[in-house]
Every structure is written in structure tokens, then in C-alpha cells.
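These notes are about the structure you will find just below.
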Amino acid sequence: MIRWETKMISTERGNFEVFSKGQGPALCVAHLYSEFNETGDRFADTFTETNQVFLVNLREAGRSEQAHEPYQLSMIETVLDLGAVRLELGIQSWNVAGHSTGGMLGLVYGMRHPQSIDSLIIAGSAAREYASSSPYCIYHQEHPQFEKMQMLIERLKTNLSEEERSRCSRERTKLSLHEPDRYDEYFTGDVHKSMSAARMNFFAREILLFDITKQLHKVTARTLMICGAHDVQCPLPFSREIAELIPNAELEVFNDSNHYPFLEEAEKFSRVIKEFLFHPVMRHKT
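Residue numbers for the sequence shown follow the numbering used here, beginning at 1352 and rising by one.
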């Protein structure tokens, strides 16, 4: 397995840990609370065949700058940090891709700095608070797997042995797979991520008031929305909503996927990404 190259980027907003891999047009990947390392990220890895990918550790993640004030962990401040990293890398504009909460961040980026984005790729995400507004979301009390998910989350917050933590994490992830028995097939390789508790705790508060649907018309970049038909974290209607509200957006539904279409339908995902990046013809709006 080829490791990601590690760089510390010094910007006017602080120092940020950035991992790079691949060749081609620049593409940025970040996640609101994941903490990356040189083993990379499965979502980001899907772009390294076609792009030079920059995987960014945000404030309070890895060796990146700390948050000197709580507001610096907000999405809008994070977008400003990413813009500073782009400038320091000498990149005039880049593609931006995000999965789940990384997709939310990508949407805010596209809304705030449209001139520095060539295209947006958003997978399994939402433009507004999703847990309490959809019974199809696994974080909604009416979802049949709600109690099991909450039990696993609470277990992971306790002092567990490494073996038990791994088991709980595995079971939690399987709840977001269309075919849970294929977990071992999907999650192969030596990729090890962790979570920034400070960023996760801030997100848990910020998401309660999160709603940028009325501002999505400001996103002018070509946008590809991707969502699994069975997504239980950010259900399909949220991706349809985004695709309808962004002027230059299209939606690709993965009928045999839940929250991880880049793993569950890897070949199709790769084909769709290549078509979008290198054959920029609007295929379908929804």
C-alpha cells in the first residue's frame, strides 16, 4: 500500500497537516471531525487515480492548528482555513469532494468561495439538520435501528478494551451498509483513522441550527450529488433537495448502496466520477 505524503502547510491562519497522493487536477477532501494520517482515507483514495488529492486535517485534528476560540471550529471558519491552505499550496482553484459531514463542508465552501472551485462532488450528505426531520434517518427515534445505533454510540464513549472498541465500531458501521455481511470485503487495507473529540462535540451543537438550503443558489460550480438509495445516515431525499437547489447540479443514485457507495458499488463510483470530471456534460438533473 502506497502511503500518503505528509506536509505541514504554514498559512496566515495557522499550520495545517496535509496529506497528498495521486496526480492530475488538484482535489481537496476534508471531513468535519475525522483525524487522518499517512494511511489515508477510503473515500479520498477513490480520487487518486485521476487527481492529485489533498487530504486536510482541520483544526484540532492531528498536528494541525488548535482552536484558540470555539468559533474557529465552525464550518464557515473551517472553509476559510481550507482557502488559506489552497493559497499556500499555490493552487488557483481546485475540485472539492466530501462524504457525509465532509459533504456539508463542501457545500458551505461552494457557497462561500465559488470562484476557487472547479467542481463539487458530494456523497451521502445534507444541506440541513437531518436527524430529527426524517424517520428514514437512523438517528431519528422512529427508525427501527435507532436504539441499537444509540447503544453502540454510548458504548464507544466508554473505556473499552481495544478488542471491544473494534467490535462496537464494526457493528456500528454495518448498520450503514446495504449488505452488512460484506463488511470485511469493503473495509480491507491498512487505513486507520480516528476522531477529533473537540470537532465532534462542536458539530453536535452546530448541526442543530444547520440549514443552508436557501443559499444553495450561490453554488455556481458544477456539482455532482451521489447518494445510496438505502442511505440511513443522510437519506436520499436530502441529496435530491440539494440537486434541485444548486443550479448546475446533477444527482447519481446508487441503488445497491447505503452510506458508502464508493465501497459498496466501487466500480460504478469510479466510472461516474471519471465521467463527471473529464466529460463535463450534464446527464440528468435528478
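Idealized CB from N, CA, C, for every residue including glycine.
This structure is a prediction, so every number in the text was calculated from the model and none was measured.
Less than 8 Å separating the beta-carbons of residue i and residue j?
i: Val1380; j: Leu1406; result: yes
i: Phe1554; j: Tyr1384; result: yes
i: Val1570; j: His1610; result: no
i: Asn1366; j: His1543; result: no
i: Ser1470; j: Arg1437; result: no
i: Thr1401; j: Lys1625; result: yes
i: Phe1627; j: Leu1575; result: yes
i: Ser1520; j: Leu1507; result: yes
i: Phe1589; j: Tyr1481; result: yes
i: Ser1621; j: His1581; result: no
i: Ala1377; j: Asn1446; result: yes
i: His1494; j: Ser1483; result: no
Just to confirm my understanding: we take residue i, look at its own chain, exclude 5 residues before and 5 after, and list those with CB closer than 6 Å. What are they?
i: Gln1374; result: Gln1403
i: Arg1463; result: Val1430
i: Arg1523; result: Leu1503
i: Tyr1537; result: Leu1614
i: Asn1552; result: none
i: Asp1432; result: Arg1364
i: Cys1585; result: Gly1475, Ser1476, Ala1477, Tyr1481
i: Arg1354; result: Glu1389
Under a three-way DSSP split, which group does residue i fall into?
i: Gly1293; result: Look at the range of the chain in this structure, 1352 to 1637, and you will see that residue 1293 is not part of it.
i: Asn1599; result: coil
i: Ala1448; result: strand
i: Leu1560; result: helix
i: Glu1592; result: helix
i: Ile1360; result: strand
i: Ala1549; result: helix
i: Glu1368; result: strand
i: Thr1539; result: coil
i: Phe1387; result: coil
i: Cys1578; result: strand
i: Gln1584; result: coil
Report back the beta-carbon spacing between residue i and residue j to the nearest angstrom; my notes put them in contact at under 8 Å.
i: Phe1370; j: Glu1356; result: 7 Å
i: Glu1363; j: Gly1413; result: Contact doesn't hold; Cβ gap of about 20 Å is too wide.
i: Ile1593; j: Ile1473; result: 7 Å
i: Glu1428; j: Arg1550; result: About 12 Å; that fails the 8 Å criterion.
i: Lys1372; j: Thr1397; result: The Cβ separation is near 11 Å, so there is no contact.
i: Gln1496; j: Ile1504; result: Not quite, the Cβ-Cβ distance comes to about 12 Å (not below 8 Å), so this is no contact.
Output the distance between the C-alpha atoms of residue i and residue j, rounded to the nearest integer angstrom.
i: Asp1535; j: Leu1526; result: 14 Å
i: Glu1557; j: Ser1425; result: 7 Å
i: Thr1637; j: Leu1596; result: For Thr1637, the predicted structure reports a pLDDT of 47, less than 50, and the residue's modelled location is therefore unreliable. The matter cannot be settled from this model.
i: His1419; j: Asp1541; result: 33 Å
i: His1450; j: Pro1612; result: 10 Å
i: Gln1501; j: Phe1605; result: 26 Å
i: Met1455; j: Ser1476; result: 6 Å
i: Asp1532; j: Ala1435; result: 42 Å
i: Ala1572; j: Glu1513; result: 43 Å
i: Ser1616; j: Gly1453; result: Reading off the sequence, residue 1616 comes out as Glu, not Ser. Glu1616 and Gly1453: Cα-Cα distance of roughly 20 Å.
i: Tyr1487; j: Lys1499; result: 15 Å
i: Glu1618; j: Ala1600; result: 22 Å
i: Gly1441; j: Glu1530; result: 43 Å
i: Lys1358; j: Ser1415; result: 11 Å
i: Thr1564; j: Cys1578; result: 18 Å
i: Met1546; j: His1630; result: 36 Å
i: Val1623; j: Arg1393; result: 17 Å
i: Ala1548; j: Gln1417; result: 13 Å
i: Leu1560; j: Thr1539; result: 36 Å
i: Arg1518; j: His1382; result: 23 Å
i: Pro1306; j: Glu1439; result: Residue 1306 lies beyond the stretch modelled for the chain, which goes from 1352 to 1637, so this question has no answer here.
Which residues in the same chain as residue i place their Cβ atom closer than 8 Å to its Cβ, once the five residues preceding and following it in sequence are excluded?
i: Leu1567; result: Leu1458, Met1462, Ala1478, Ile1593, Leu1596, Ile1597
i: Asn1510; result: none
i: Gln1443; result: Ser1467
i: Ser1485; result: His1491, Pro1586, Pro1588, Phe1589
i: Ala1448; result: Leu1378, Cys1379, Val1380, Phe1394, Ala1395, Phe1398, Gly1457, Leu1471, Ile1472, Ile1473, Ala1474
i: Asp1562; result: Ala1478, Arg1479, Glu1480
Does any C-beta atom of chain D lie closer than 8 Å to the C-beta of residue i?
i: Val1430; result: Looking at the structure shown, chain D is missing, and only one protein chain is on hand.
In chain order, what residues of the same chain have a beta carbon less than 7 Å from the beta carbon of residue i, not counting five sequence neighbours either side?
i: Arg1516; result: Leu1507
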